[in-house]
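To keep things clear, I will list the structure first and then write my remarks on it.
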Amino acid sequence: VFDLLTNAVSNAFTIPILLYVTLGVLVGVTVGAIPGLSGDMAIAILIPLIYKVDPSCALGLLIGIYKGSMFGGSISAISFGVPGTAAAAATVEDGYPCKQKGKPKSAMLQALYSSVTGDFFGTIILIFLTIPIANAALQFGPIEFFALYVFSMTLVALLTRNNASKGIASAAIGLLIGAVGMDPVTGSARLTFGIDVLRGGIPLIPLLVGIFALPELIIQYSKEWKKVKGKEFDAARQNAAFEDYDASKDKYRLKDYIATFKATLIGTGVGTFVGALPGPGSSLAGYMSYGLSRRFSKTPEEFGKGTLEGIAGPEAGNSATCGGSIIPLFAFGIPGTATAALIGSALIMMGINPGPTMISENKVIIYTFFVTIFYATFINLGLSKLLIPMYARLAMIQTRYLVPAVFVLALLGTYAANNSVTDIYIVLIACLLGVILRKYDFSLGSLVLGFIIGPNAERSLRQALLLGHGNWGSLFSTPIAIGLYVAALVFMILIKLTFNKKPQTAKEAK
Amino acid sequence: MNTFGKSGWLTKDRIEGSILVLVSIFGFLHTIFGEWSLSTGEQAKLFPRIIYVLILVTGLMLVFQKNTEGQNKDALPDTGIKHTLTFVGMGAIYSFMVLNIGLAVATFLYIGVMIAFLTVNPVKQWKKVVIPSFIVAIVIWAVFTYFMPIVIPHQLLI
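In structure tokens form, the structure reads like this:
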């Protein structure tokens, strides 16, 4: 073990990996700071371009983007009241009022320090929990794995905001798309509807780019189109947002960090736990952390008026999901958030299959990743602190330049992965599907989760049935499997009771 | 948000649910009566059937559940079919141009047109359209020609 750790540390601190992590953090904070761009989109666009890169470097880049984008989202949330990413939506509640009170720098530093603290503890928990959980998962057979997939899908459905039916439907659509092509057990073609190119299945990269990146670009494009046609565009007003900014009058001290540490810890706990559950994602973690920080605050009446506690809770919460969401990905092959699903896809592209055997089969790469994910937190801290004023101005890049350039990168990147024109058609069709599903409130994260775990879920089910000689009762024949089904049932009842307890106010519901 | 009236039975949820029900019934029937490869055994159809049943159940849940329209702030009320089709159509035209005319010229034309769409008085502000398009096209062309070369057949220009 000592040799392995030494090897991992020496690998992780090589110049290329350090550069990739730094680049990842820069890209992550940048895309996070620009409303309309997100870490998910950047990762989806970069996957086709980096799968030939050394796995440790590629993972360093992706984790840098993941961490950077979590903090980056708070920059425009605080500067303009527009969250750069969905994860930073709760930060707007107090971040923007804090800026309006003349403390933009304090607000951003609070967001940064809480974000880094949440991320740090989330990472520690990831490092110490993943290996024991993965070792326990090695005892799982197909019966237990199928129960685990059912448990995950149930959570996805229950924790999808507002509408469990649409959560299950999205996951089922993902499962269906994943089932197109070769049957994983016998290898025979199915669901191809006579189209030969579908015999190999729907390729991962075009689907991810089409589902995640392009619909977001279309939203930004539509909004801008309406502004231009409605003559609402007012760049001068946006520029004026920075005229009153005077960083020297706005100090953030250690005592502020200590005073908000309770909220940061609440966010960290909530974020790590929520991140490890498949489905809910960093946005829900942010809102839950905000709500709990307010409930346990000595001054709950200050929330919504620009209190630093109201920034600390959600920022620690959304960043702590980074580590948490990777635990089930590494231990069971089930990603906790959409971003973790994308990282899982990148691993698959690089020939590394997420799951309990992944760590033992790729010890050096995974231990190097653990070291990398740890120091990426500090690179995020250093770079972001240095560049906060510059990042804030990034949010002002005009959509009309950004959207076409990012679209071209996404399309050419997808084509570059296989030099396949079919992939371009798939990306455009997936884009239409993504727009329709988002427009009608279906969760895209659930769809991708279904797509990724679908083939493994089917394999487990078929193997379990083979072991039980076709008897469906064999799916309930082991204590672990029964425990997982019972846990799914208990979660279902608990969540139903929690959400039906009392009617929420509009603000709480949000 | 509600195209069909808040008090009417025909809500958006119910229409979406009905579509899911129809798709699942079609899919399930396809697993029974559809044309499948001779090598495809009954076992290969098991999982798709389970998925179709799942979709059917969620569709029925949507049809019979309480109306949830307008609750999710992430839904896309701003995105019209015109914008979506323009965007995707332009993407298809761009792909065709890249494959037939050339990467640099196609990228310049595509970005120029897209910027022009989002510019008030693009003719008057032609510099703000042409110069960024030119710079982005050159950068993209250099990246995908020298740093991450892509294979493009039949290029008429560059």
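In order, the protein sequence lines correspond to chains A and B.
Under the numbering used here, the first residue of the first sequence is numbered 11, with each subsequent residue one higher.
Under the numbering used here, the first residue of the second sequence is numbered 50, with each subsequent residue one higher.
Glycine residues also receive a C-beta, built at the ideal position from the N, C-alpha and C atoms.
Values in this document were obtained by computation on a predicted structure and should not be read as measured data.
Cross-strand partners of residue i (DSSP beta bridge)
i, result
"Arg200(A)", "Gly191(A)"
Alpha carbon of residue i to alpha carbon of residue j, nearest angstrom
i, j, result
"Ile183(A)", "Arg472(A)", "20 Å"
"Asp62(B)", "Val112(B)", "7 Å"
"Gly444(A)", "Pro26(A)", "35 Å"
"Phe96(B)", "Ser456(A)", "18 Å"
"Val413(A)", "Ile358(A)", "29 Å"
"Phe136(B)", "Ile228(A)", "7 Å"
"Ile55(A)", "Ala440(A)", "14 Å"
"Ile44(A)", "Ile389(A)", "20 Å"
"Ala18(A)", "Met298(A)", "36 Å"
"Leu476(A)", "Ser484(A)", "10 Å"
"Gln230(A)", "Arg410(A)", "9 Å"
"Asp129(A)", "Pro142(A)", "21 Å"
"Leu438(A)", "Gly140(B)", "8 Å"
"Tyr159(B)", "Tyr143(B)", "6 Å"
"Leu59(A)", "Gly423(A)", "6 Å"
"Leu264(A)", "Met400(A)", "24 Å"
"Ala22(A)", "Ala68(A)", "12 Å"
"Gly323(A)", "Ser303(A)", "6 Å"
"Ala251(A)", "Ser89(A)", "Residue placement at Ala251(A) is flagged as unreliable, the pLDDT there being 45, under the threshold of 50; a coordinate-derived value is accordingly withheld."
"Val4(B)", "Asp451(A)", "This structure cannot speak to residue 4(B), because chain B is shown only from 50 to 207."
"Leu218(A)", "Val35(A)", "21 Å"
"Glu312(A)", "Ala273(A)", "13 Å"
"Arg247(A)", "Ile201(B)", "Low local confidence applies: a pLDDT of 47 at Arg247(A) is under 50, so the model's placement there is unreliable, with the coordinate-based value given in what follows. Near 44 Å, if we compare the C-alpha coordinates of Ile201(B) and Arg247(A)."
"His79(B)", "Pro152(A)", "28 Å"
Test: residue i CB closer than 9 Å to a CB of chain B
i, result
"Arg247(A)", "Caution is warranted here: a pLDDT of 47 is assigned to Arg247(A), below 50, making its placement in the model unreliable, and no coordinate value can be reported."
"Ala415(A)", "yes"
"Ser232(A)", "yes"
"Gly314(A)", "no"
"Val418(A)", "yes"
"Leu218(A)", "no"
"Lys176(A)", "yes"
"Gly204(A)", "yes"
"Thr409(A)", "yes"
"Leu422(A)", "yes"
"Arg200(A)", "yes"
"Tyr425(A)", "yes"
"Leu224(A)", "yes"
"Asn481(A)", "no"
"Leu471(A)", "yes"
Partner residues on chain A for residue i, Cβ-Cβ distance less than 9 Å
i, result
"Ser67(B)", "The premise fails here: Ser67(B) is roughly 13 Å from chain A at the closest Cβ pair, so nothing lies under 9 Å."
"Ile150(B)", "Under the 9 Å cutoff, chain A gives no residues; its nearest Cβ is about 14 Å from Ile150(B)."
"Ile187(B)", "Near Ile187(B) there are no residues of chain A at all, since even the closest Cβ is about 12 Å away, more than 9 Å."
"Val70(B)", "Simply none; closest approach about 11 Å."
Min CB distance residue i to chain A below 9 Å
i, result
"Ala153(B)", "no"
"Ile81(B)", "no"
"Ala191(B)", "no"
"Lys94(B)", "yes"
"Thr156(B)", "yes"
"Thr60(B)", "no"
"Phe183(B)", "no"
"Trp175(B)", "no"
"Ile179(B)", "Here residue 179(B) turns out to be Val, not Ile, going by the sequence shown. Judged by the 9 Å Cβ criterion, Val179(B) is not in contact with chain A."
"Phe75(B)", "no"
"Tyr195(B)", "no"
"Leu111(B)", "yes"
"Val172(B)", "no"
"Asn121(B)", "Low per-residue confidence applies at Asn121(B): pLDDT is 47, beneath 50, and the placement is therefore not dependable enough to give any value."
Under 7 Å from the C-beta of residue i: neighbouring residues of chain A
i, result
"Val137(B)", "Leu438, Cys441, Leu442"
"Ile100(B)", "Ala182, Leu185, Leu186, Ala189"
"Leu103(B)", "Ile178, Ala182"
"Thr107(B)", "Ser175, Ile178, Ala179, Ala182"
"Val200(B)", "Asn429"
Within chain A, partners of residue i - CB distance below 8 Å
i, result
"Thr12(B)", "Given that chain B is displayed from residue 50 to residue 207, the structure contains no residue 12(B) and the question cannot be resolved."
Closer than 9 Å at the beta carbon, the chain B residues around residue i
i, result
"Leu507(A)", "Under the 9 Å cutoff, chain B gives no residues; its nearest Cβ is about 17 Å from Leu507(A)."
Within chain B, partners of residue i - CB distance below 7 Å
i, result
"Asn328(A)", "Going along chain B, no residue has its Cβ under 7 Å from Asn328(A), so there is no contact; the nearest lies around 15 Å."
"Ile434(A)", "Ser144"
"Glu468(A)", "Phe96"
Proximal chain B residues relative to residue i, where beta-carbon distance stays under 8 Å
i, result
"Val195(A)", "Gln92, Ala93"
"Ala97(A)", "Residues of chain B passing the Cβ test: none, with the nearest at roughly 12 Å."
"Trp235(A)", "His132, Phe166, Leu167"
"Ala341(A)", "By Cβ distance, chain B contributes nothing, its closest Cβ being about 24 Å from Ala341(A), past 8 Å."
"Leu72(A)", "Neighbours of Leu72(A) on chain B: none; closest Cβ ~17 Å, over 8 Å."
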